[in-house]
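Student: Everything in the first sequence is counted per numbering that gives the first Met the number 0, starting at 0 for the first residue and increasing by one. Ideal Cβ positions, reconstructed from N, Cα and C, are used throughout, including at glycine. The structure displayed is predicted, hence computed values, not measured ones. Provided herewith is a single structure, encoded as structure tokens, for subsequent inquiry.
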Amino acid sequence: MEQYNHQEIEVKWQKVWDKSDLYKAEDFSKKPKYYCMIEFPYPSGDGLHVGHCRSYTALDILARKKRMEGNNVLFPIGWDAFGLPAENYAIKTGQHPKVTTEKNIATFSRQLKSLGYSFDWSREINTSDPNYYKWTQWIFLKLFEKNLAYKTKMDINWCTKCNVGLANEEVVNNLCERCGGEVYHREREQWMLKITAYADRLLEDLDKVNYLEKIKKQQSDWIGKSYGAQVVFKVISKSSLPKDKDYFLPVYTTRPDTLFGCTYMVVAPEHEVIQKFADQIDNYDEVLDYIEQTKKKTEMERTNLEKTKTGIELHGLKASNPVTKEEIPIFAADYVLATYGTGAIMAVPAHDQRDYDFAKKYNLEIRPVISPDLGSIDADSKINKMFSLVDEITDKFKKEKIKIWFIGTFAVSAYRQKMFAYPADIDFGVLEKHFPDANKILVGLGYKLIEEKVNEKFKHNVYKKGDVIVQVGTFDKDLGDKELNFCGVKYPVSDASWLAECYKITAPKERRKGKNDLERAIFLDIIAGKIPNQAWEGDGTLINSDFLNGLNVQQATDKMIDWLEERELGFETTNYHLRDWVFSRQRYWGEPIPIIICPECGYVPVPEKDLPVVLPEIKNYLTTENGDSPLALIEDWVNVECPKCGGDAKRETDTMPNWAGSSWYFLRYTDPRNNKVLADFKKLKYWTPVDWYNGGMEHTTLHLLYSRFWHKFLFDLGVVPTPEPYAKRTSHGLILGEDGEKMSKSRGNVVNPDDVVGQVGADTFRVYEMFMGPFDQPTPWSTQGVTGVRRFMEKVWQIGNNLDDKKRTGNDDLVRLLNKTIKQVTEQIETLDLNTCISAMMILVNKFQAEGCDKKMFEDFLKILSPFAPHLGEELWQKLGHKKSIFLEKWPAFDSKLIKDEAIEIPVQINGKVRAKIFITADESEGEIKKKALTDENVKKYLNGGEAKKIIYVKGKIINIVI
RNA sequence: GCCGAAGUGGUGAAAUUGGUAUACACGAAGGACUUAAAAUCCUUUGGAGUUAAUCCUCCGUGCGGGUUCGAGUCCCGCCUUCGGCACCA
């Protein structure tokens with residue numbers, strides 16, 4: 000018996016494929032085009048990661064299937080070759096990043112080829128190749144030309160020891176990861192790209208693409224569009240400025256309706272107002288101290304909702320609330336970020352939790368201006384349930400002629416919700432009208448106004464001894480077993496516990512935890528006339544707000560904006576969470592930014608004919624003392640003539656971030672060797688958009704957004720034919736180590752693809768990675784799991800080598816199963832449900848093994864298996880006597896007539912529990928089937944002579960008898 | 001903290017999207033083959049109870065509630081884990 004020698008087979012076919020044109024994409028072919036793409040790898044020194052293979056294998060399967068289905072497939076590969084690790088390695092060892100990168104690419108290429116991926120290697124690209132980054136630089140110049148690239152001061156993490164800007168990732172506990180030096184925030188001139196100019200289109204065009212819903216959600220959350228208003232507050236200082244020099248502090252707010260509740264202002268510590276009024280601020284030194292402290296905090300620390308807020312009042316400065324004309328204090332506090340909105344906020348502590356926390360701490364006025372509507376809590380189905388419970392109790396005690404009183408503010412609110420608004424127009428007449436049955440009146444406990452009104456209107460009918468009082472939704476647990484003091488009379492509280500248990504409102508423990516309970520509690524606080532111990536951020540009716548009183552939030556917002564616009568004190572606007580893209584790096588290993596800085600002409604673009612600006616060779620990779628990129632030290636490179644005036648000028652020494660090259664690489668694949676344009680328009684028109692793009696979930700915000708931005712920009716220039724780069728985007732889950740943790744060298748749980756390929760072969764490795772779990776979920780590696788797949792491969796090998804045509808003929812069940820399997824695999828490759836595809840094929844192979852299998856059937860099976868296990872497929876195909884590659888075969892069709900089983904077994908449930916099973920055929924009517932179910936022996940047993948109340952039949956699935 | 005996703009046997013997981021929970025695979029136990037081992041093949045394998053029985057009963061998809069004839073799937077609340085958070089890629 001011939002052994003399955005994976006090594007021999009795999010090397011053999013890899014050589015054949017390498018020499019063939021099997022996987023070459025053909026420009027302008029008449030076949031339908033299909034462009035599928037994986038995220039090109041960063042060629043790190045660690046070599047290929049098993050996680051890369053998850054994505055590559057899945058799309059390789061797709062690409063192979065699409066080819067067999069008659070498509071002209073483009074499945075390209077390239078290298079995202081610029082990056083920090085290569086540079087850090089160079090700093091450590093002196094090895095040029097170019098050298099290490101080349102070495103790494105060689106390793107990656109060998110590894111990828113050893114896995115049998117059907118990439119079109121003739122289109123290989125490399126972002127660090129001058130012929131490639133020439134076009135990255137060209138795109139930057141176009142952005143500059145269209146005023147979408149600008150230089151400005153930006154806050155960065157600064158390592159005091161290496162004199163270098165750091166990524167957040169490189170900062171560990173405020174220390175530099177590399178040298179342990181102290182890190183603080185400092186400002187530096189940086190090139191920026193105005194991605195915010197495209198925010199709306201990036202958001203709206205999500206409707207045009209087929210991304211996973213969660214990916215769309217992440218994109219739109221990241222863009223974070225909000226609607227609100229900009230409002231200006233006049234700053235008042237001790238020595239008032241001359242009238243025409245008044246300083247107005249603009250704020251952005253999503254809640255202009257709450258302006259009457261604004262009792263102070265907060266500016267970010269970085270805000271210009273502090274410098275501007277330095278001599279007017281009495282405690283300026285303390286303020287400076289505070290600013291120093293914030294420089295050590297990360298943004299996440301600053302905005303953490305759970306942490307105590309810090310801040311400092313700017314003594315000597317006040318602001319004027321534009322509607323109340325009150326003078327309110329101004330604070331500097333780090334929970335306000337300079338980068339969001341205008342870097343200053345109007346604080347409304349009653350209706351914003353952060354403002355509320357801050358106001359509590361600094362003892363500032365909390366002025367409620369919104370009275371919560373019951374609307375915000377009425378949506379809850381629990382309330383309806385409560386109504387019916389109230390009815391139930393009423394009925395129960397009515398029979399016993401006991402009076403029952405429902406009390407509690409929540410009871411009132413729940414009943415009142417559809418009747419009238421609170422608090423101005425409580426009208427117990429309405430109550431009486433709606434509930435003529437006086438013993439069912441709900442009484443608000445703890446709210447004086449209600450108590451008084453009740454006393455007045457119902458004094459003829461207060462509680463008497465023996466009445467039952469049900470406390471509905473109390474938030475005071477203690478009431479449960481105490482006497483109730485109501486209107487000066489003490490009453491026993493009974494039978495409250497079980498209802499209260501379901502509907503009690505507990506005092507909020509923490510904000511955001513148990514939102515519904517919290518909303519009720521706040522609501523109750525407010526109607527109880529107390530200042531709530533939380534901010535109310537929901538809807539409601541305006542109070543304490545002059546001309547807005549009585550309006551709802553939306554009406555008040557509109558009216559306030561009109562009011563502000565009339566007086567030129569503000570205007571309606573939108574704001575984005577998205578910020579402009581910091582595009583500068585003071586590093587060596589990146590694309591030089593093609594700008595010349597001329598003392599006369601300013602920033603002058605390098606003329607297009609001089610592109611690319613080639614990254615010069617250097618020996619020292621460290622930044623300069625003042626933090627410039629090491630390029631600044633190459634004098635004969637830096638010093639140039641100004642292209643505009645011919646005078647002495649210097650090159651920009653900043654380089655581009657790694658994101659630059661990866662923002663447009665999919666375009667270059669269509670025309671990788673073009674020297675005239677980044678890609679020929681006709682080729683782009685033929686190939687783009689990318690039909691299917693798969694990559695890691697970790698790239699679904701930044702990389703995806705950046706490349707969509709560049710693509711839209713290029714579309715506006717007329718360089719690309721489509722507004723969106725990727726028609727479809729999916730993401731794969733992380734492969735974790737065998738211990739369930741993320742793979743890392745330090746944990747020692749890294750699995751090297753080379754080892755696996757050596758031991759069990761590329762085909763087993765590929766199939767295992769697809770079999771291990773759902774494609775989009777993280778899954779731990781399992782060496783034992785690999786064994787099972789290897790056994791499957793060997794089974795296929797044995798069957799393929801021992802086909803006996805005479806042994807079996809026309810087994811209908813097996814033919815049906817084969818057809819079913821073909822259908823499932825055909826459909827599920829398209830949805831990347833590859834784990835279940837494989838299990839379906841395993842079931843088929845198990846049947847083949849048990850019942851034998853003829854050549855025709857096996858060949859069909861081999862065709863659907865071969866995208867998963869290409870080497871094995873090709874080898875067995877050849878052994879069956881075929882001369883041409885299996886990948887030139889047509890994808891097998893399935894016969895839909897052969898999918899359906901002749902007799903179906905369906906379960907019979909009684910009250911939702913499976914009690915019997917009956918066989919039905921497709922042409923039986925519902926009546927016949929029901930009859931069949933009712934006459935089943937087991938069913939009869941359960942019916943016990945009784946009648947079925949209801950019979951539910953779901954066609955071809957289940958029958959449920961209710962008795 | 002904010003945004004996103006997930007939680008099912010001893011393990012990786014499946015469940016036609018509201019219709020037989022645990023397919024497929026691993027592991028484990030027992031058996032066959034073998035001088036023996038490996039490999040391979042066969043049987044059993046969620047838990048508890050019960051039985052002459054492989055009959056039968058109950059429980060069971062992170063936790064607590066709800067909707068429904070019927071919930072792993074839908075709704076409300078909670079807990080835990082993972083991904084992203086702008087200079088890692």
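Let me check one thing: in DSSP terms, what residues is Ser730 bridge-paired to?
Tutor: For the purposes of this step, residue 730 is taken as residue 731 along the first sequence, with counting starting at 1. Beta-bridge pairing links Ser730 to Gly694.
Student: Do the CB positions of Leu547 and Ala555 come within less than 7 angstroms of each other?
Tutor: Counting from 1 along the first sequence, the entry for residue 547 is found at position 548. Counting from 1 along the first sequence, the entry for residue 555 is found at position 556. Yes.
Student: Could you give the distance in angstroms between the alpha-carbon of Gly569 and the alpha-carbon of Thr307?
Tutor: Looking up residue 569 in the first sequence gives position 570. Looking up residue 307 in the first sequence gives position 308. When rounded, the distance between both Cα atoms is 31 angstroms.
Student: Keeping to the same chain, check which residues put their C-beta closer than 7 angstroms to that of Lys14; ignore five residues upstream and five downstream.
Tutor: Locating residue 14 in the first sequence gives position 15, counting from the first residue. Cβ within range, chain order: n/a, list empty.
Student: Is Lys64 buried or exposed, if buried means 16 or more other CB atoms sit within 10 Å of its CB?
Tutor: The residue given as residue 64 occupies position 65 in the first sequence. Burial call: buried.
Student: Quick one: using the 10 Å Cβ neighbour count with 16 as the cut-off for buried, is Asp59 buried or exposed?
Tutor: Reading the first sequence from its first residue, position 60 is the one you call residue 59. Classification for Asp59: buried.
Student: How big is the Cα-Cα spacing for Tyr421 and Thr252?
Tutor: Residue numbering aside, residue 421 sits at position 422 when the first sequence is read from its first letter. Residue numbering aside, residue 252 sits at position 253 when the first sequence is read from its first letter. Low per-residue confidence applies at Tyr421: pLDDT is 26, beneath 50, and the placement is therefore not dependable, though the value from the model is reported in the following sentence. For Tyr421 and Thr252, the distance between alpha carbons rounds to 26 angstroms.
Student: With a 10 Å radius around its C-beta and 16 neighbouring C-beta atoms as the bar for buried, classify His576 as buried or exposed.
Tutor: Taking the first sequence and counting its residues from 1, one reaches residue 576 at position 577. His576 comes out exposed.
Student: Let's test the definition: count the other Cβ atoms within 10 Å of the Cβ of Lys18 and tell me whether it reaches 16, buried, or not, exposed.
Tutor: Taking the first sequence and counting its residues from 1, one reaches residue 18 at position 19. Classification for Lys18: exposed.
Student: Which class does Gly772 belong to by DSSP, given the choice of helix, strand or coil?
Tutor: For this step, residue 772 is matched to residue 773 along the first sequence. If DSSP states are grouped into helix, strand and coil, Gly772 belongs with coil.
Student: Enumerate in chain order the residues of its own chain whose CB-to-CB distance from Glu169 is below 6 angstroms, with the five nearest sequence positions on each side excluded.
Tutor: Position 170 of the first sequence, counted from the first residue, corresponds to residue 169. If we look at Glu169 and ignore the five residues flanking it on each side, its Cβ neighbours are Glu176.
Student: Here's a check: name, in chain order, each residue in its chain whose Cβ is nearer than 7 angstroms to the Cβ of Leu942, leaving out the five neighbours to either side.
Tutor: Taking the first sequence and counting its residues from 1, one reaches residue 942 at position 943. The residues are Ile962.
Student: Among all the DSSP beta bridges, which residues are the ones paired with Cys35?
Tutor: By 1-based counting over the first sequence, the position of residue 35 is 36. Bridge partners of Cys35: Trp691.
Student: Do Phe857 and Leu816 have their beta-carbon atoms positioned less than 7 angstroms apart in this structure?
Tutor: To locate residue 816, count along the first sequence from 1; it is residue 817. To locate residue 857, count along the first sequence from 1; it is residue 858. For Leu816 and Phe857, no; Cβs fall outside 7 angstroms.
Student: Measuring only the C-alpha atoms, how far is Gly645 from Val718?
Tutor: Counting from one through the first sequence, the residue named residue 645 turns up at place 646. Counting from one through the first sequence, the residue named residue 718 turns up at place 719. Rounded to whole angstroms, Gly645 to Val718 spans 31 angstroms at the Cα level.
Student: Could you give the DSSP three-state label for Pro885: helix, strand or coil?
Tutor: On the first sequence, residue 885 is found 886 positions in, with the first residue counted as 1. The question names Pro, yet the displayed sequence has Ile at residue 885. Helix, per DSSP.
Student: Is DSSP giving Ala555 helix, strand or coil here?
Tutor: In the first sequence, counting from the first residue as 1, residue 555 sits at position 556. In this structure, Ala555 counts as helix in the three-state DSSP scheme.
Student: I'd like the list of long-range same chain contacts for His95, defined as Cβ closer than 7 angstroms, with 5 residues on each side in sequence excluded.
Tutor: Along the first sequence, one-based indexing puts residue 95 at 96. Ala89, listed in sequence order.
Student: Using the Cα positions of Ile957 and Met841, report the straight-line distance between them to the nearest angstrom.
Tutor: For the purposes of this step, residue 957 is identified with residue 958 of the first sequence, where counting begins at 1. For the purposes of this step, residue 841 is identified with residue 842 of the first sequence, where counting begins at 1. Spanning the two alpha carbons is a distance of roughly 28 angstroms.
Student: Could you round the C-beta distance between Leu313 and Ile273 to whole angstroms and report it? I think they count as a contact, below 8 angstroms.
Tutor: In the first sequence, counting from the first residue as 1, residue 313 sits at position 314. In the first sequence, counting from the first residue as 1, residue 273 sits at position 274. Yes, Leu313 and Ile273 are in contact; Cβ-Cβ is about 7 angstroms, under 8 angstroms.
Student: Taking the runs of the beta strand (DSSP E) that are 3 residues or longer, which of them lie wholly in the stretch 878–942?
Tutor: Within the stretch 878–942, the complete beta strand (DSSP E) runs of at least 3 residues are 902–909, 912–920.
Student: Under 7 angstroms, do Val603 and Lys643 count as touching if we go by C-beta distance?
Tutor: For the purposes of this step, residue 603 is taken as residue 604 along the first sequence, with counting starting at 1. For the purposes of this step, residue 643 is taken as residue 644 along the first sequence, with counting starting at 1. Yes, the pair counts as a contact, with Cβ atoms nearer than the cut-off.
Student: Can you tell me whether Val603 is helix, strand or coil according to DSSP?
Tutor: In the first sequence, residue 603 corresponds to position 604, counting from 1. Three-state result, Val603: strand.
Student: For Pro42 and Phe107, which I take to be in contact (beta-carbon distance under 8 angstroms), what is that distance rounded to the nearest angstrom?
Tutor: Here residue 42 corresponds to residue number 43 of the first sequence, with the count starting at 1. Here residue 107 corresponds to residue number 108 of the first sequence, with the count starting at 1. Confirmed, Cβ separation roughly 5 angstroms.
Student: Is Arg586 near Thr654, with beta carbons less than 7 angstroms apart?
Tutor: Start at 1 with the first residue of the first sequence, and residue 586 comes out as number 587. Start at 1 with the first residue of the first sequence, and residue 654 comes out as number 655. Result yes, Cβ atoms of Arg586 and Thr654 sit closer than 7 angstroms.
Student: Starting from the Cα of Phe867, find the closest Cα among Ile828, Ile898, Glu901 and give me that residue.
Tutor: Taking the first sequence and counting its residues from 1, one reaches residue 867 at position 868. Among Ile828, Ile898, Glu901, the Cα nearest to that of Phe867 belongs to Ile828.
Student: So Thr573 is in the beta strand (DSSP E); what residue range does that whole segment cover?
Tutor: Here residue 573 refers to the residue found at position 574 when the first sequence is read from its first residue. Thr573 -> beta strand (DSSP E) spans 569–574.
Student: Counting along the chain, where does the alpha helix (DSSP H) carrying Asn156 start and finish?
Tutor: As a first step, residue 156 is located in the first sequence; it is residue number 157 there, counting from the start. Careful: Asn156 lies outside any alpha helix (DSSP H), inside the beta strand (DSSP E) at 148–158.
Student: Determine the DSSP secondary structure at Lys463, reduced to helix, strand or coil.
Tutor: Numbered from its first residue, the first sequence carries residue 463 at position 464. Note that Lys463 scores a pLDDT of 37, beneath 50, so its modelled location is shaky; the value from the coordinates is reported in the next line. It is coil, neither helix nor strand.
Student: Can you look up Ile633 in the DSSP assignment and give me helix, strand or coil?
Tutor: Against the first sequence, residue 633 aligns to sequence position 634. Here Ile633 sits in coil by DSSP.
Student: Under a three-way DSSP split, which group does Glu450 fall into?
Tutor: Mapped onto the first sequence, residue 450 falls at position 451. Confidence at Glu450 is low in this model, with a pLDDT of 37, below 50, so the placement of that residue is unreliable and no value is reported for it.
Student: Buried or exposed for Tyr226, please, with buried defined as at least 16 other CB atoms from any protein chain shown within 10 angstroms of its CB.
Tutor: Against the first sequence, residue 226 aligns to sequence position 227. Result: exposed.
Student: What runs of the alpha helix (DSSP H), each 4 residues or longer, lie entirely inside the stretch 204–233?
Tutor: Runs of the alpha helix (DSSP H) inside the stretch 204–233: 212–222.
Student: Enumerate in chain order the residues of its own chain whose CB-to-CB distance from Ile960 is below 6 angstroms, with the five nearest sequence positions on each side excluded.
Tutor: As a position in the first sequence, residue 960 is number 961, starting the count at 1. For Ile960, where only same-chain residues beyond five positions count, the Cβ hits under 6 angstroms are Ile909, Ala947, Ile950.
Student: Measure the alpha-carbon distance for Ser628 versus Asn657 and round it to whole angstroms.
Tutor: Locating residue 628 in the first sequence gives position 629, where the first residue counts as 1. Locating residue 657 in the first sequence gives position 658, where the first residue counts as 1. Taking the straight line from one Cα to the other gives about 15 angstroms.
Student: Hey, which unbroken runs of the beta strand (DSSP E) at 3 residues or more fall wholly within the stretch 340–377?
Tutor: If we require 3 residues or more, the beta strand (DSSP E) runs fully inside the stretch 340–377 come out as 343–346, 369–371.
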